[in-house]
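Protein sequence lines, in the order shown, are assigned to chains A and B. The opening position of the first sequence corresponds to residue 1 in the UniProt record's numbering, with each subsequent residue numbered one higher. The opening position of the second sequence corresponds to residue 1 in the UniProt record's numbering, with each subsequent residue numbered one higher.
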Amino acid sequence: MGKRGVVASLVVAVALAGFVVPGVLPATEDDVRSAVASGGRDAGSAVRTARLTATALLDGRVLAPYRSAVFDDARERAADAVDELFAVEVPTDGAARLRDRAMPLLTEAVVAITDTARAAEDDDRAALTANASRLDRLAAGLRELVGAVA
Amino acid sequence: MKRALAVTLGILTAIGGFVDIGDLVANSETGARFGMRLAWVVVVGVIGICVYAEMSGRVAAVSGRPVFDLVRERLGPKVALANLAGSYLVTLLTLAAEIGGVALAIELATSVHYLLWVPIAAFVIWVVLWRMRFETMERVFGLAGLALVVFVVALIALDPPWRELGSQALGQASASGEGWASYGFFAVSLFAAAMTPYEVFFFSSGGVEEEWTRKDLITERTNVFIGFPLGGILSLAIMACAATVFAPLGVQVDSIGQTTLPVALALGKLGLAVVILGVFAATFGAALETGLSAGYTIAQYFGWRWGKSVAPRSAARFHTVVLVSLLLGVALLLTTVDPVTVTEVSLVFSAVALPLTYLPILVVANDRDYLGDQVNGRLANIFGVGYLAVILLAAVAAIPLMVITGMGTS
């Protein structure tokens, strides 16, 4: 094998070691823990962004198209966090407990953002205020979750 | 008076044209996660782009030929081909990201999903590239990009804890709680955002399009050494807005809607309208620049006629490359890949390709056959070589950091 062949083989070996192998190894409890932390962070970011947008809306500081776009992004981000956690293999009882602790909070995040967006769409200030408080509680819960598993 | 006006316009255009989708994304993501702890990277990046943009502008003004043209002649077709492959692919990714940025800005103004705007945005970009004069195009979008000054106004209105932001920037604040790998990954992204390769290709080719001569060296240097650093202040303001609003809440930024939210919170609907206009102008202007840069690099490598000042019929292959590049960018976005992710990936690969772009510029800028008495002086070479070391470090670290941090997510 010439020099170029050696270099090509090395590149393939590094790519296999870096990208392919980690992807096909069976999941561990640490993988689930990491997925919960990452999902919790993403959902928490989405919830807090929705909360900030709701505040701006209550103060009359945002335009309607912008509000819709930001709520859509936040909802998609929280929904992606749920999907990713669903997709993780759960190898042990401990991992299952972790997932079961996180999942209600993550799904609640999606629902709360959706409800906030609907209240904004309907221009229902009372519902918007109530949902803003709900988002605050959720954000605190998600932060606690991430702190517990990180 | 006319000269002073032209210089002022050039500076304003350089400021407004400095920020693109990469700067918007990287600065707001970094501000949200690290506060102002990575502000030093913006400063390092801005000095670097000043050093190399001045070199490439000087090459264009003195030799009357753009850098890429000379790279092939000076370093030979094989080395230049590696340069071309790396630079074109990165420019193409950046072009896709900029088109996505335009579509996202329109989504913020209309609430219609950005994917529906992607083909329309690309078509309008192509029409502007086809019909509008080079200078008009550069001025209109550069000046409209000045709307991003609203980030500075918003930052003042937010009344941030200046002392805390200052101590973060100076490295005196407590650690952010993020790992070293994430810190390194975002440092490399920010550096690449400031030194994106297409900027120097566009700058030197633009110099040839505008028929710069030695007489224009002062204007060129004024644009670079005043306009770019002031543009860098916009980048820092974007970072500081995110550091003020998002970092204390632990919110990670991953959308342009979030990037602009601090302006809405600080300035209300008017500020929001202005920042959306600024994002649109910045990304649209950068899409024009990257589209042209894609055409410039390939046409200059193969020795085809090129440029907007040449009638399309006489530079058909150049215009075809620009059109095909736009279509490839649209095709990439229509796979539904997130434009912000495309931006993040383009920044990583920009970092990898940086040496391919900047080493040849340094070589050409030291060649007396092309530059005569205008070759690099001692100071330019000290900075040039010093930055090349930083660029090599960023290029080597980019991919491993991307893998270790999962694109900065961990």
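Glycine is no exception: its CB is placed at the ideal position from the N, C-alpha and C atoms. Since this is a predicted model, take the numbers as computed values, not measurements.
Cα separation between residue i and residue j?
i: B/N83; j: B/L292; result: 17 Å
i: B/G303; j: B/D69; result: 8 Å
i: A/E84; j: A/A35; result: 8 Å
i: B/V188; j: B/A397; result: 8 Å
i: B/F141; j: B/S204; result: 18 Å
i: B/A365; j: A/R48; result: 50 Å
i: B/G271; j: B/V150; result: 7 Å
i: B/S346; j: A/E144; result: 34 Å
i: B/A193; j: B/T290; result: 14 Å
i: B/A4; j: B/V102; result: 32 Å
i: B/S56; j: B/E199; result: 10 Å
i: A/D100; j: A/G94; result: 10 Å
i: B/I391; j: B/C50; result: 14 Å
i: A/A139; j: B/L234; result: 31 Å
i: B/G250; j: B/P119; result: 36 Å
i: B/L333; j: B/L261; result: 24 Å
i: B/G22; j: B/S28; result: 10 Å
i: A/T114; j: A/A27; result: 32 Å
i: A/D124; j: B/L95; result: 41 Å
i: B/D367; j: A/E29; result: 60 Å
i: A/D136; j: B/G184; result: 32 Å
i: A/D31; j: A/L142; result: 18 Å
i: B/I11; j: B/E211; result: 18 Å
Going by C-alpha distance, which of the options is nearest residue i?
i: B/V321; options: B/A299, B/E138, B/G406, B/R133; result: B/A299
i: B/A173; options: B/S189, B/G179, B/R163; result: B/R163
i: B/Q258; options: A/A74, A/T55, A/V12, A/P65; result: A/A74
i: B/T335; options: B/G22, B/Y114, B/F185, B/V324; result: B/Y114
i: B/L129; options: B/L89, B/L217, B/L236, B/F284; result: B/F284
i: A/N131; options: A/G39, A/G40, A/L52, A/V6; result: A/L52
i: B/L401; options: B/G377, B/V43, B/E344; result: B/E344
i: B/I106; options: B/Y52, B/Y370, B/A282; result: B/A282
i: B/G131; options: B/L379, B/L332, B/L388, B/H319; result: Correcting the residue identity first, residue 131 of chain B is Arg in this sequence and not Gly. Considering only alpha carbons, the answer is B/H319.
i: B/I399; options: B/F186, B/V385, B/L327; result: B/F186
i: A/V110; options: A/S68, A/R134, A/A78; result: A/A78
i: B/S182; options: B/Q252, B/V44, B/G76, B/P229; result: B/Q252
i: B/W126; options: B/L327, B/P77, B/V263; result: B/L327
i: B/V46; options: B/F225, B/A286, B/L265; result: B/F225
i: B/G384; options: B/Y52, B/M36, B/V263; result: B/Y52
Strictly below 8 Å CB to CB, what residues from chain A border residue i?
i: B/V153; result: Going along chain A, no residue has its Cβ under 8 Å from B/V153, so there is no contact; the nearest lies around 14 Å.
i: B/K269; result: G60, R61, V62, L63
i: B/L261; result: T49, L52, T53, A56, V70
i: B/A273; result: L63
Below 7 Å on C-beta distance, what does residue i contact in chain B?
i: A/S133; result: What A/S133 touches in chain B: nothing, since even the nearest Cβ is about 16 Å away.
i: A/A56; result: A264, L265
i: A/R41; result: Q252
Are the C-beta atoms of residue i and some chain B residue less than 8 Å apart?
i: residue 239 of chain A; result: One cannot answer for residue 239 of chain A here, as it falls past the ends of chain A, which runs 1 to 150.
i: A/L145; result: no
i: A/G94; result: no
i: A/T129; result: no
i: A/T49; result: yes
i: A/T116; result: no
i: A/G44; result: yes
i: A/R101; result: no
i: A/R97; result: no
i: A/R33; result: no
i: A/R4; result: no
Could you name the residues of chain A that residue i contacts, counting a contact when the two beta carbons are closer than 7 Å?
i: B/S255; result: D73
i: B/E107; result: A69
i: B/T110; result: P65
i: B/L148; result: Ordered by position in chain A, no residue passes the 7 Å Cβ test against B/L148, which lies about 17 Å from the chain.
Quick check: is the beta carbon of residue i nearer than 8 Å to any beta carbon in chain A?
i: B/V251; result: yes
i: B/L115; result: no
i: B/S87; result: no
i: B/S28; result: no
i: B/I409; result: Checking the sequence shown, residue 409 of chain B turns out to be Thr, not Ile. Cβ-Cβ to chain A under 8 Å: yes for B/T409.
i: B/Q258; result: yes
Does the Cβ of residue i lie closer than 7 Å to at least one heavy atom of the ligand SAM?
i: B/R221; result: The model on display carries no ligand, and the ligand SAM is accordingly not part of it.
What residues from chain B crowd round residue i, counting only those whose CB sits closer than 9 Å?
i: A/R137; result: Correct list: empty, because the minimum Cβ distance to chain B is about 15 Å.
i: A/R77; result: D254, S255
| 4 or more residues per run - each alpha helix (DSSP H) lying fully within the segment 305-390 of chain B | 316-333, 339-364, 368-371
| Those runs of the alpha helix (DSSP H) which lie wholly inside the segment 207-277 of chain B and span at least 4 residues | 217-222, 228-245
| What alpha helix (DSSP H) runs, 4 residues minimum, are completely inside the segment 41-105 of chain A? | 64-87
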